[in-house]
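**Q** Taken in sequence, the protein lines are chains A and B. Residue numbering for the first sequence follows my numbering, beginning at 19 and increasing consecutively. Residue numbering for the second sequence follows my numbering, beginning at 19 and increasing consecutively. Cβ atoms here follow ideal geometry from the backbone N, Cα and C, with glycine treated the same way. Got a structure for you, written out below as structure tokens; questions coming shortly.
There are 2 protein chains.
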Amino acid sequence: MIENSSLILQSPLFYGINEEDLSHLLPCLKAFTKTYSKNEIIFLAGSTIHHTCVVLQGGVQIVYEDILGNRTIFSRVTNGELFGETFSFFESEPIPISVISDDNTLVLFLDCRQILTTCSSTCKFHHQLIENMLRIFARKNIFLNKKIRYLSKRTTREKLLSYLSDEATASGKGIFSIPFSRQELADFLCVERSAMSTELNKLKKEGILDFHKNQFRFQQS
Amino acid sequence: MIENSSLILQSPLFYGINEEDLSHLLPCLKAFTKTYSKNEIIFLAGSTIHHTCVVLQGGVQIVYEDILGNRTIFSRVTNGELFGETFSFFESEPIPISVISDDNTLVLFLDCRQILTTCSSTCKFHHQLIENMLRIFARKNIFLNKKIRYLSKRTTREKLLSYLSDEATASGKGIFSIPFSRQELADFLCVERSAMSTELNKLKKEGILDFHKNQFRFQQS
DNA sequence: CCTCATTTGTTGGAAAAACAACATATTTTT
DNA sequence: AAAAATATGTTGTTTTTCCAACAAATGAGG
């Protein structure tokens with residue numbers, strides 16, 4: 019019986035794998051867990067990493083900070099999602115981002131070399147793991163492409179609209195919520211918070227958008 | 019003996035696979051090739067795709083165009099590199115980008131469903147293919163992350179400097195060249211061409227950067 | 001309930017980008 | 001080699017963002 023196995027099995031990385039399989043797989047991946055409280059540094063930009071990580075509880079932020087101190091939130095990674103997987107394939111290269119816990123957070127560490135190396139004989143589930151990994155990469159790729167679409171817009175207004183309309187579509191509902199505070203949203207879209215605030219309220223006055231805190235809604239025309 | 023096998027084997031997707039293996043693998047992936055002349059549309063935004071493609075000769079551009087007609091070049095894909103692989107994992111979703119040939123271009127099409135499905139018994143090389151795919155995804159991820167880093171900069175000047183310094187580092191040489199015309203570079207960095215031109219020449223006057231056509235060099239301080 | 005800290009909204013001036021229109025340079029075509 | 005088409009550079013104006021300082025609202029703790 020493995021600790022946290024139910025949490026682990028909820029991750030898309032372990033899709034199609036059962037508890038029995040997991041008990042073989044985890045030692046093979048040299049897995050271990052670690053807990054963090056809020057705002058602890060898990061990976062620091064400039065270091066090299068050798069693990070792919072799964073957030074089991076809580077959440078972490080992927081943060082890029084340039085020399086001048088401009089902070090950019092790449093994304094927030096929560097339950098079941100991965101981080102570090104991209105860079106763990108190029109172990110010698112220093113990572114350009116930091117990972118910081120956003121909460122009380124439980125993280126599963128997996129030895130990245132063991133993921134690719136299909137272990138001995140009976141490792142059906144190992145193949146499943148690699149397949150899962152591919153899908154996760156594809157999805158992350160799509161996310162990055164989306165973000166690039168937002169950032170490619172020239173004005174704060176267009177960035178907001180492209181992001182929010184994506185979120186509206188994704189939610190499938192009229193009213194949708196976003197996982198960011200105003201400052202975080204500004205960081206995510208790489209714009210000035212105050213200018214963004216002004217722009218949001220302009221959109222509200224113009225009757226295009228309605229919002230209260232993190233709840234948004236596009237007005238019917 | 020397979021047509022174009024030497025070109026195919028040069029692709030990172032087929033790393034570690036020999037010509038003998040390839041002759042088994044290609045039919046299993048339902049592979050076929052197609053030629054395009056310059057500026058032909060290979061994939062059109064909004065359609066759904068069912069193939070992962072490898073550029074065997076020439077090059078293609080990954081282009082995003084919004085409703086207002088603002089064109090953004092995501093990237094240029096050339097010899098041996100892939101496109102479509104990300105979206106082929108989610109066959110039902112319409113793709114948000116178009117792919118346009120940039121030259122006389124030879125493209126290898128692979129049935130995306132066959133890549134994941136490890137075929138029958140003896141398919142060692144199929145596993146190799148999946149491993150290669152993972153590395154390619156990881157690398158593409160890093161590229162997207164880089165691009166996000168450039169776009170996250172607030173000013174044209176900073177975008178230019180972050181991109182060019184990355185290119186300088188990557189080349190390892192003092193003088194380096196970039197694969198873009200001025201208009202393409204502006205599109206890639208999502209800035210105004212004329213403003214970028216002004217900024218480039220300002221950097222030259224200030225003695226920070228020197229350039230002629232596509233050849234750039236950072237001045238020693 | 002009050003105080004303090006944090007987040008969010010507002011405003012005006014400075015800086016930068018977008019835009020437009022045109023000048024110059026380069027490449028392609030004939 | 002000349003003409004046409006394309007790419008790049010320049011300049012002045014308009015628009016937008018950035019920045020800073022402050023005001024208002026919200027939230028947390030005692």
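(1) Take the Cβ of A:E103 as the centre, count every other Cβ of all protein chains shown within 10 Å, and call the residue buried at 16 or more, exposed below.
(2) With a cut-off of 8 Å, does the C-beta of B:L218 fall near any C-beta of chain A?
(3) Alpha carbons only, please: which of A:E149, A:S215, A:H144 and A:Y82 is nearest the one belonging to A:R175?
(4) My assumption, with CB atoms under 8 Å, is that B:P30 sits in contact with B:N150. Please give the rounded CB distance.
(5) Suppose you measure from the CA of B:G64 to the CA of A:N163; what does that come to, to the nearest Å?
(6) Under 7 Å Cβ to Cβ from B:P244, same chain only, skipping five residues before and after it: list those, please.
(7) Let me know if B:A188 comes out buried or exposed under the rule of 16 or more other beta-carbons within 10 Å of its beta-carbon.
(8) Starting from the Cα of A:L100, find the closest Cα among A:I80, A:E109, A:D228 and A:E217 and give me that residue.
(9) Ordered along the chain, which non-local residues of its own chain (more than five positions away) have a Cβ less than 6 Å from that of A:L62?
(10) Can you find the residues in the same chain that come closer than 7 Å, C-beta to C-beta, to B:A213, ignoring five residues on each side of it along the sequence?
(11) Relative to the C-alpha of B:E111, which candidate in B:T66, B:H145, B:R153 and B:Q132 has its C-alpha closest?
(12) Alpha carbons only, please: which of A:L74, A:L43 and A:N57 is nearest the one belonging to A:N22?
(13) Quick check on this structure: which residue in A:C208, A:E210 and A:F143 has the alpha carbon closest to the alpha carbon of A:T34?
(14) Under a CB-based cut-off of 8 Å, is B:N36 close to chain A?
(15) Of all Cβ atoms in chain A, is any one closer than 8 Å to the Cβ of B:E109?
(16) What is the DSSP secondary structure of A:T51, reduced to helix, strand or coil?
(17) In chain A, which residues lie with their C-beta within 8 Å of the C-beta of B:M151?
(18) Cβ of A:L25 within 8 Å of Cβ of A:T70?
(19) Would you say B:Y82 reaches chain A, if we count a Cβ-Cβ gap shorter than 8 Å as a contact?
(20) What does DSSP give as the partner residue(s) for B:V117 in the beta ladder?
(21) Restricting to Cα atoms, I'd like to know which of B:F107, B:L126, B:D184 and B:K223 is closest to B:Q28.
(22) Are the C-beta of A:S189 and some C-beta of chain B separated by less than 8 Å?
**A** To lay it out plainly:
(1) For the purposes of this step, residue 103 of chain A is taken as the residue at position 85 of the first sequence. A:E103 should be labelled buried.
(2) In the second sequence, counting from the first residue as 1, residue 218 of chain B sits at position 200. No, B:L218 lies away from the interface with chain A (no Cβ there is under 8 Å from its Cβ).
(3) Position 157 of the first sequence holds residue 175 of chain A. Among A:E149, A:S215, A:H144 and A:Y82, the Cα nearest to that of A:R175 belongs to A:S215.
(4) Reading the second sequence from its first residue, position 12 is the one you call residue 30 of chain B. Reading the second sequence from its first residue, position 132 is the one you call residue 150 of chain B. About 6 Å separates the two Cβ atoms, so the contact holds.
(5) Residue numbering aside, residue 64 of chain B sits at position 46 when the second sequence is read from its first letter. Residue numbering aside, residue 163 of chain A sits at position 145 when the first sequence is read from its first letter. B:G64 and A:N163: Cα-Cα distance of roughly 15 Å.
(6) No statement about residue 244 of chain B is possible, as the shown extent of chain B runs from 19 to 239 and does not include it.
(7) By one-based count along the second sequence, residue 188 of chain B stands at place 170. It is exposed - the Cβ of B:A188 has fewer than 16 other Cβ atoms within 10 Å.
(8) For the purposes of this step, residue 100 of chain A is taken as residue 82 along the first sequence, with counting starting at 1. Nearest of A:I80, A:E109, A:D228 and A:E217 to A:L100, Cα basis: A:I80.
(9) As a first step, residue 62 of chain A is located in the first sequence; it is residue number 44 there, counting from the start. Closer than 6 Å at Cβ, skipping near neighbours: S116.
(10) Within the second sequence, the letter at position 195 stands for residue 213 of chain B. Result list for B:A213: T174, in chain order.
(11) Walking along the second sequence from the start, residue 111 of chain B turns up at place 93. It is B:T66.
(12) Mapped onto the first sequence, residue 22 of chain A falls at position 4. With distances taken between Cα atoms, A:N22 lies closest to A:L74.
(13) Numbered from 1 along the first sequence, position 16 holds the residue referred to as residue 34 of chain A. This sequence places Gly at residue 34 of chain A; Thr is not what is there. Cα-wise, what sits closest to A:G34 is A:F143.
(14) Residue mapping note: residue 36 of chain B aligns to position 18 of the second sequence, counting from 1. No, B:N36 does not count as interfacial toward chain A.
(15) On the second sequence, position 91 is the one that residue 109 of chain B refers to. It does not: the Cβ of B:E109 has no partner Cβ on chain A nearer than 8 Å.
(16) What you label residue 51 of chain A is simply residue 33 of the first sequence in a count that begins at 1. It is a strand residue.
(17) The residue you call residue 151 of chain B lines up with position 133 of the second sequence. Chain A residues near B:M151: L152.
(18) Here residue 25 of chain A refers to the residue found at position 7 of the first sequence. Here residue 70 of chain A refers to the residue found at position 52 of the first sequence. In this structure, A:T70 does not lie closer than 8 Å to A:L25 by Cβ.
(19) Sequence index remark: in the second sequence, residue 82 of chain B carries index 64 (1-based). It does: the Cβ of B:Y82 has a partner Cβ on chain A nearer than 8 Å.
(20) Residue numbering aside, residue 117 of chain B sits at position 99 when the second sequence is read from its first letter. Per DSSP, B:F61 and B:I80.
(21) Counting from 1 along the second sequence, the entry for residue 28 of chain B is found at position 10. It is B:L126 whose Cα lies nearest to the Cα of B:Q28.
(22) Along the first sequence, one-based indexing puts residue 189 of chain A at 171. No, its Cβ sits nowhere closer than 8 Å to a Cβ of chain B.
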